[in-house]
Amino acid sequence: MTSPTPIINIEHISKIYEMGDEKVYALRDVSLTISKGEYVALMGPSGSGKSTLMNMLGCLDTPTSGRYEFNGANVNELDDDELAEIRNREIGFVFQTFNLLPRATALSNVELPLVYSGMKADARHRRAAETLASVGLAERTGHKPNELSGGQRQRVAIARALVTQPSIILADEPTGNLDSKTGQEIMALFDELYRQGNTVILVTHEEDIARHARRIVRLRDGLIESDKSNGASA
Amino acid sequence: MNAAESIAIALDAVRAQKLRSGLTLLSISIGVFAIIASTGITTALQNAVNMQMATLGEHSFLIQRTPTLTFGGSWRKYMRRKPITLEQARQFRDRMTLTNLISISNTNPSYVIKAGQTSTDPDVALIGADDLYFNVNAVNLSEGRPFSLHEGEQGGNVAILGNDVVVKLFPRGGAVGSTVTIRNQTFRVIGILEVRGGVMGQSQDNRVLIPMPIFDRYFTWEWDRSVDVSVKAASAEALPATVDEATGILRALRGVKPWEENTFELDTNDALTAQFSGFSVALLAVAWISGIGALVAAGIGIMNMMLVSVRERTREIGVRKALGARRAWIVRQFLIESVTLCQLGGMAGTAAGIGTSWAVTTLLRNTGMQTLVFDMPWGAVIFSVVICTAIGIGFGLYPAFRAASLDPIEALRYE
Chain F
1 MTSPTPIINI EHISKIYEMG DEKVYALRDV SLTISKGEYV ALMGPSGSGK
51 STLMNMLGCL DTPTSGRYEF NGANVNELDD DELAEIRNRE IGFVFQTFNL
101 LPRATALSNV ELPLVYSGMK ADARHRRAAE TLASVGLAER TGHKPNELSG
151 GQRQRVAIAR ALVTQPSIIL ADEPTGNLDS KTGQEIMALF DELYRQGNTV
201 ILVTHEEDIA RHARRIVRLR DGLIESDKSN GASA
Chain C
1001 MNAAESIAIA LDAVRAQKLR SGLTLLSISI GVFAIIASTG ITTALQNAVN
1051 MQMATLGEHS FLIQRTPTLT FGGSWRKYMR RKPITLEQAR QFRDRMTLTN
1101 LISISNTNPS YVIKAGQTST DPDVALIGAD DLYFNVNAVN LSEGRPFSLH
1151 EGEQGGNVAI LGNDVVVKLF PRGGAVGSTV TIRNQTFRVI GILEVRGGVM
1201 GQSQDNRVLI PMPIFDRYFT WEWDRSVDVS VKAASAEALP ATVDEATGIL
1251 RALRGVKPWE ENTFELDTND ALTAQFSGFS VALLAVAWIS GIGALVAAGI
1301 GIMNMMLVSV RERTREIGVR KALGARRAWI VRQFLIESVT LCQLGGMAGT
1351 AAGIGTSWAV TTLLRNTGMQ TLVFDMPWGA VIFSVVICTA IGIGFGLYPA
1401 FRAASLDPIE ALRYE
């Protein structure tokens, strides 16, 4: 099942939250490997540890114990700024609530990660405009989020995730705030990104959405319950 | 893009919270205003005092019951002093040995001067003068003659007119030799003063001189009979000794006990300078201290605004961190925002301060000091830009660091 180049390699990681005297295990001794070009869905009910695992994969959080290698780098040893740099270069986030900056135009929103990576202004504009065009929003670069539909906003967010050409795209319930028709359009976009060779990780609790992925990892009570390839995918 | 964006966000915050940000920015404005206006006005007054000193002459000094410039000070103390009477002044003059260039004079404002059917506004300064007045005070005539010794000591119904009065009463000339009426007394015009312009807010030309004895008898109010004594030392070197002699004689004449302080003012250029610099230091200290106080209070307001801004934008900070913003970027963004807020208030205060200084200077100039020039207080302007930046950074640091150290996961979850 694993292909030769693993991007994500998690070995026996646990995440423990201390609530007063009580220790809460969000993840218990989880191991997972994801390779370049995979299309994975992380599934599970709330409280299953799905969100914690996603934060860990997205380098927003570090494990209490265990080892996490991202593209060969040991994430456990990185400080805040180094984690920020990995998120900037390697990870494209897509959120359920889009999380666009309301005052900025679509183009500025897409440019933002490039600002943080230190790219020069004209190169940035060009790259952001191209990326917006690739998600079908060439005509909407000057619009602010409140001038766009929900589907268009999520496309802007996807363009923002893609613009740094990251190693993985990490989408957290990307269709959760969209009607089912628009949701299908967005999923078609993810399928297309996968076909172009991107590594896509979906976090969802909807079977319909998870079905798009080639591999489904199910979590329950902080443990991996099942990890199967999905034969009947798009 | 990011700096412009941060500035735009700061302006948005002001718009969104008009009252709260208005009050905070107002207190910055007040602080900056106090600093700039006080500096500007003090500079204008300094110019005015310099001009006053220029007219006093280098080695002359003036003896009066009360100081020329009373700034704050103990006005009551001065008012308790007994007047310097004409008699006392004459005794003083007779006892002085180091110089005989001593003139006794007195001034009352607000007289009407009439010539036939024409009369001036009731704002002519009436001056009682003696024969030495012209020499000691460096007053020259453009026409006619000064008072004689006899007129200066015994009196006589003669008058010397300032140019403003001449222009008003004798527009077709022929002033010398004509008569004018002041409070039912008739005076023969014997001379016209050279045009002098204005000093300290008063035209030097809107005046009429009459002999001191007449002035003292008919034109002095009982409560203000005190005369002024101008003394011109023989030379600049002789000035200190002359001042000492004058002080000693006057103390003796006025019965001042050795342990008591003078009951009169003796103003040399140096004394005027000292009085004025005492005043300007006091004004500047009060204004700068209260200005800086207002700025510190404003800084706390700015900190509060920024903390609210950080809280309101927690989610945005989470997004930025998720997209790879390092701590320094977040800190920078919030510092730009708080400095922008401070500069906004600072600009308003600077404009108000410069406006006020300009208005005061213009007022002084229009009331006589034609040569007074408004000096742009550039130093104070630069200071206010610097201090606004310092306050923006100083009080913005804590909110900015709080924003930068937010946990991205918590921040993204924030509703």
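Protein chains in written order, with the working numbering: chain F, 1 to 234; chain C, 1001 to 1415. We treat Cβ as the ideally placed atom computed from N, Cα and C, and that holds for glycine.
- Within the DSSP secondary-structure output, F:R220 pairs in a beta bridge with F:L223.
- Interface criterion met: the Cβ of C:R1326 is under 8 Å from a Cβ in chain F.
- The secondary-structure analysis by DSSP pairs C:I1289 with nothing; it has no beta-bridge partner.
- Annotation: C:E1312 has no Cβ neighbours in chain F at a cutoff of 8 Å; minimum Cβ distance is about 12 Å.
- Between F:F190 and F:H205, the CB-CB gap reaches or exceeds 8 Å.
- In this structure C:G1392 touches C:S1338 by the C-beta definition: roughly 4 Å separates them, less than 8 Å.
- DSSP places F:Q154 inside the alpha helix (DSSP H), whose first and last residues are G150 to L162.
- Between C:I1104 and C:R1207, the C-beta spacing is not below 8 Å.
- Residues of chain C whose Cβ lies closer than 8 Å to the Cβ of F:A104 are, in chain order, E1005.
- Apart from sequence neighbours up to five positions away, the residues of its chain that approach C:T1247 with a beta-carbon distance below 8 Å are N1262 and L1266, ordered along the chain.
- In chain order, G1353, T1356 and S1357 place their CB closer than 6 Å to the CB of C:A1037, counting only its own chain and leaving out the 5 sequence neighbours on each side.
- Under DSSP, the beta-bridge partners assigned to C:N1108 are C:L1126.
- Contact between the stretch 50-59 of chain F and the stretch 133-150 of chain F is not established, with fewer than three Cβ pairs separated by less than 8 Å.
- Among the CB atoms of chain F, none fall inside 8 Å of the CB of C:I1317.
- Between C:L1098 and C:A1234, the beta carbon gap of about 7 Å places them in contact (Cβ cut-off 8 Å).
- Each of C:R1145, C:S1110, C:S1060 and C:G1173 was checked against the Cα of C:I1102, and the nearest Cα belongs to C:S1060.
- Within chain C, no C-beta atom comes nearer than 9 Å to that of F:L223; the closest sits roughly 21 Å away.
- Unbroken alpha helix (DSSP H) runs of no fewer than 4 residues, entirely contained in the stretch 1232-1318 of chain C, are found at 1239-1253 and 1269-1312, following chain order.
- The beta carbons of C:I1190 and C:V1158 sit closer together than 8 Å.
- Nearest to C:N1108 by alpha-carbon distance, out of C:I1009, C:D1228 and C:R1188, is C:D1228.
- The Cβ of C:A1008 sits closer than 8 Å to at least one Cβ of chain F.
- Residues of chain C whose Cβ lies closer than 7 Å to the Cβ of F:P113 are, in chain order, L1323 and G1324.
- Residue contact with chain C for F:E85: present (Cβ-Cβ distance below 8 Å to some residue of chain C).
- In the displayed model, C:I1409 falls within a helix according to three-state DSSP.
- Using a CB distance below 7 Å, the part of the stretch 1384-1414 of chain C facing chain F consists of P1408 and I1409, ordered along the chain.
- Spatial neighbours of C:F1147 in its own chain (CB-CB distance under 6 Å, excluding positions within 5 residues in sequence) are listed in chain order as D1131 and P1211.
- C:D1012 has a beta carbon lying within less than 8 Å of a beta carbon in chain F.
- Here DSSP, grouped into helix, strand and coil, assigns F:Q196 to coil.
- Using beta-carbon distances, C:W1288 does not count as an interface residue toward chain F, since no partner is under 8 Å.
- Cβ-Cβ separation between F:I7 and F:I168: approximately 6 Å, consistent with a contact (criterion under 8 Å).
- In chain order, M1305 place their CB closer than 7 Å to the CB of C:R1020, counting only its own chain and leaving out the 5 sequence neighbours on each side.
- The contact set of F:Y25 on chain C, defined by CB atoms closer than 8 Å, is empty, because the minimum CB distance reaches about 17 Å.
- DSSP places C:T1179 in no alpha helix (DSSP H) but in the uninterrupted beta strand (DSSP E) bounded by T1179 to I1182.
- Interface flag for C:W1329 against chain F is set, since a Cβ pair is found closer than 8 Å.
- In its chain, beyond the 5 residues on either side, T1263 have a beta carbon closer than 6 Å to the beta carbon of C:R1254.
- The beta carbon of F:F70 does not come within 8 Å of any beta carbon belonging to chain C, so the residue lies off that interface.
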